[in-house]
Amino acid sequence: MTKEGLIAAKELKRFRSDPVRLDRFIRSNVSRLLKSDLLAVLAEFQRQDQVFLCMKV
Numbered sequence: 005m006t007k008e009g010l011i012a013a014k015e016l017k018r019f020r021s022d023p024v025r026l027d028r029f030i031r032s033n034v035s036r037l038l039k040s041d042l043l044a045v046l047a048e049f050q051r052q053d054q055v056f057l058c059m060k061v
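In my numbering, the protein residues as written are 5 to 61.
As structure tokens, then:
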């Protein structure tokens, strides 16, 4: 996972309690991630049992 993927995962966890900011972050930042980073972030959330964030990504 690249630095951008790590930052995206950290920010997604931070924004999970605020749906408006979470959706804005997903549209602006997560959509620009490389496919490999997106899959790595998804795998990490699955490993941590973060079901809500897995569904959002």
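Just so you know, even glycine gets a beta-carbon here, dropped at the ideal spot from N, CA and C.
Task: Residues of its chain near Ala44, where Cβ-Cβ distance is below 7 Å and the 5 sequence neighbours each way are ignored - done: Met5, Gly9
Task: Coarse secondary structure for Asp27, derived from DSSP in three states - done: helix
TODO: Would you identify the three-state DSSP class for Leu38, choosing helix, strand or coil?
DONE: coil
Task: Sequence-distant residues of its chain with Cβ nearer than 8 Å to Phe56 (five each side left out) - done: Arg20
Open item on the list: At the level of alpha carbons, what is the spacing between Ala47 and Ser40?
Closed with: 10 Å
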